[in-house]
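What the sequence shown shows, in numbering that gives the first Met the number 0, is residues 0 to 275, in sequence order. Ideal placement from N, C-alpha and C gives every residue a C-beta, glycine not left out. Remarks on the structure that follows.
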Amino acid sequence: MNFIPNSPIGIFDSGIGGLSVLRAIRGLMPDESVVYFGDQIHIPYGPRPMEQIGRFSEVITNFLLQQQAKIVVVACNTASAAALKDLRIKFPEMQFVGMEPAVKPAAERTQTGRVGVLATPATFQGALYASVVERFANGVELFQDTCAGLVQQIEQGNLDGRETRQILENALQPMLEKNIDTVVLGCTHYPFVIPVIEQIVGENVRVIDPAPAVAKQTKRLLEAGGLVNPASAGGKIRLFTSDNVKALQSLLPALLGESAVVNNVEWVEEIRIQQT
Ligand code: DGL
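Right, here's the structure in full:
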């Protein structure tokens with residue numbers, strides 16, 4: 000593999016959630032080009048078997064490599080939980096940035112010693128979460144919720160409608176009754192509903208979006224590897240979806256604040272991705 004500085008940053012997620020990470024990367028490194036893959040035909044990843052999510056992640060990484068990605072950001076907590084370890088073994092030359100629920104900063108800052116974590120079932124079941132809890136949560140009580148159905152609402156562009164609000168109220172009210180003062184967003188879709196979350200929890204509860212920290216980590220790795228794009232002409236965004244191009248395109252202004260070219264790709268028997 001030959002990584003070069005003016006190649007794009009590769010990012011993937013099961014759908015549009017990783018765009019919250021893309022947005023942070025774009026804000027920090029506007030001259031970097033990005034190639035993004037949203038596996039919307041398979042969304043949600045959260046309830047799927049780990050083995051299957053691992054297989055999808057490997058095929059997508061190969062696809063991003065074909066698009067010349069110089070680093071891969073696994074902008075999905077669920078795929079990070081299921082696949083990150085294996086991806087690092089299978090692609091030893093590639094640098095990966097993964098997501099893990101931000102229990103560490105939450106545990107450092109909480110005053111009440113009680114923290115809410117919102118993430119998918121697979122993320123909660125994975126070894127990565129268990130290890131984060133074991134290493135960083137000491138003495139802090141965690142309250143977890145999978146917000147069933149929320150990923151699908153966000154995928155449909157429902158960022159503040161009745162169903163979205165209801166799911167978040169059901170998840171957060173019991174946590175508030177337990178006196179949490181911090182909420183960790185352990186799914187990359189959830190930063191898009193921060194305004195609703197803040198309305199529910201009020202100003203005394205801190206909401207932790209990990210995207211800025213992930214963008215900083217990506218920058219650090221690019222700098223350390225001599226892979227920062229030297230050009231200052233503004234990076235380009237290329238998006239790929241395994242589902243509906245128009246549906247994704249219509250959501251971009253609300254999610255990214257800009258539009259971008261969206262291309263369609265197709266899965267071939269769950270083992271290969273081809274451009275259509
Ligand atoms: N955005 C993904 C994450 O960060 C989850 C969405 C899904 O269940 O597919 O976990």
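Just to check, is the beta-carbon of residue i closer than 7 Å to a non-hydrogen atom of ligand 1?
i: residue 43; result: yes
i: residue 98; result: yes
i: residue 146; result: no
i: residue 242; result: no
i: residue 16; result: yes
i: residue 73; result: no
i: residue 150; result: yes
i: residue 12; result: yes
i: residue 76; result: yes
i: residue 122; result: yes
i: residue 217; result: no
i: residue 187; result: yes
i: residue 119; result: yes
Return the Cβ separation of residue i and residue j in integer angstroms, given the expectation that the two are a contact with Cβ distance under 8 Å.
i: residue 30; j: residue 225; result: Contact flag wrong, Cβ pair sits at about 15 Å.
i: residue 227; j: residue 221; result: 5 Å
i: residue 73; j: residue 96; result: 7 Å
i: residue 206; j: residue 171; result: Contact doesn't hold; Cβ gap of about 10 Å is too wide.
i: residue 69; j: residue 2; result: 4 Å
i: residue 66; j: residue 7; result: 7 Å
i: residue 199; j: residue 121; result: Incorrect: roughly 25 Å between the Cβ atoms, too far for contact.
i: residue 37; j: residue 175; result: Actually they do not touch by this definition, with Cβ atoms about 32 Å apart.
i: residue 182; j: residue 141; result: Contact doesn't hold; Cβ gap of about 11 Å is too wide.
i: residue 190; j: residue 208; result: 5 Å
i: residue 257; j: residue 54; result: Not confirmed; about 32 Å, so no contact.
From this set, the options, which residue's C-alpha is nearest residue i's C-alpha?
i: residue 180; options: 114, 75, 256; result: 114
i: residue 15; options: 44, 3, 182; result: 44
i: residue 242; options: 66, 154, 200; result: 154
i: residue 244; options: 261, 204, 85; result: 261
i: residue 92; options: 271, 198, 0; result: 0
i: residue 167; options: 147, 110, 136; result: 147
i: residue 150; options: 188, 132, 130; result: 188
i: residue 108; options: 50, 203, 66, 257; result: 203
i: residue 28; options: 240, 134, 236, 272; result: 236
i: residue 135; options: 112, 156, 144, 118; result: 112
i: residue 35; options: 186, 50, 54, 59; result: 59
i: residue 216; options: 267, 138, 62, 94; result: 94
i: residue 89; options: 266, 268, 56; result: 56
i: residue 239; options: 264, 110, 164; result: 264
i: residue 9; options: 41, 63, 54, 40; result: 63
i: residue 17; options: 156, 177, 152, 186; result: 186
i: residue 144; options: 164, 173, 130; result: 173
i: residue 165; options: 48, 177, 152; result: 152
i: residue 156; options: 169, 249, 48, 131; result: 249
i: residue 47; options: 178, 119, 133; result: 119
Could you check whether the Cβ of residue i sits closer than 7 Å to any heavy atom belonging to ligand 2?
i: residue 248; result: As presented, the structure is devoid of ligand 2, carrying ligand 1 as its sole ligands.
Segment contact, 8 Å Cβ cut-off, at least three pairs: the segment 65–82 with the segment 103–111: Short answer: they don't touch.
Segment contact, 8 Å Cβ cut-off, at least three pairs: the segment 204–218 with the segment 21–29: Per the Cβ contact rule, the segment 204–218 is in contact with the segment 21–29 (3 or more Cβ pairs under 8 Å).
Segment contact flag, the segment 124–132 with the segment 253–260, C-beta cutoff 8 Å, min 3 pairs: Flag = no, the segment 124–132 and the segment 253–260 do not touch.
Segment contact flag, the segment 152–161 with the segment 64–73, C-beta cutoff 8 Å, min 3 pairs: Under the three-pair Cβ rule at 8 Å, the segment 152–161 does not count as touching the segment 64–73.
Contact the segment 190–201 vs the segment 82–90: 3+ CB pairs below 8 Å: Output reads no: the segment 82–90 does not touch the segment 190–201.
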